[in-house]
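Using our numbering, the first residue of the sequence shown is number 2, and each one after it goes up by one.
Note that the Cβ used here is the ideal one computed from N, Cα and C, for glycine as well.
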Amino acid sequence: EELAFDKIAARAGTGKSALYRRWSTPKELVLDALSDPDTGFGTPVGPDTGSLHGDLTHLLGSFARVLGEPHGRALRPLMTQRPRHPELFDEVMRLIVLPYERIL
2 EELAFDKIAA RAGTGKSALY RRWSTPKELV LDALSDPDTG FGTPVGPDTG SLHGDLTHLL
62 GSFARVLGEP HGRALRPLMT QRPRHPELFD EVMRLIVLPY ERIL
């Protein structure tokens, strides 16, 4: 499904004009939303539980919790946009996955 302001506006219960006042493209809206610190995305804190197993369990558990939140579930449809919007997919990976990869 294509990213489009009309679909985003309908889902958010607002008009397209409200979205256009703040963002010029759906891609900008998505990246702005993913960059918001309230989403839980961003730079995760590397745990120090005293064991590798404990650190990995904590880190992956926190990632799973974030993905289970409504904003995390919104990532699933974004992943399907890779063929249409490879630059958006790359930004999602940079913002969400790579910070965890760096810790690992």
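Is GLY73 closer than 9 Å to THR40 when the C-beta atoms are compared?
When the beta-carbon positions are compared, THR40 and GLY73 come within less than 9 Å of each other.
Simplified DSSP state of ASP49, which is helix, strand or coil
Note: ASP49 maps to coil in three-state DSSP.
Would ASP56 and PRO48 qualify as a contact pair, given that the criterion is a beta-carbon distance under 9 Å?
yes
Please report the distance separating the alpha-carbon of LEU50 from that of PHE90.
In the sequence as displayed, the identity of residue 50 is Thr instead of Leu. Computed Cα separation, rounded: 32 Å.
Are there 16 or more other CB atoms within 10 angstroms of the CB of ARG27, so buried, or fewer, so exposed?
According to the sequence shown, residue 27 is Pro rather than Arg. With 16 or more other CB atoms across the displayed protein chains lying within 10 angstroms of its CB, PRO27 is buried.
Rounded straight-line distance, which links the Cα of ALA11 to that of LEU99
31 Å
Using a threshold of 9 Å, state whether the C-beta atoms of LEU53 and PHE42 are closer than that.
The answer is no: Cβ separation not under 9 Å.
With distances taken from CA atoms, which of SER18, GLY16 and TYR101 is nearest PHE60?
Note that residue 60 is Leu in the sequence shown, not Phe. The residue with the shortest Cα to Cα distance from LEU60 is TYR101.
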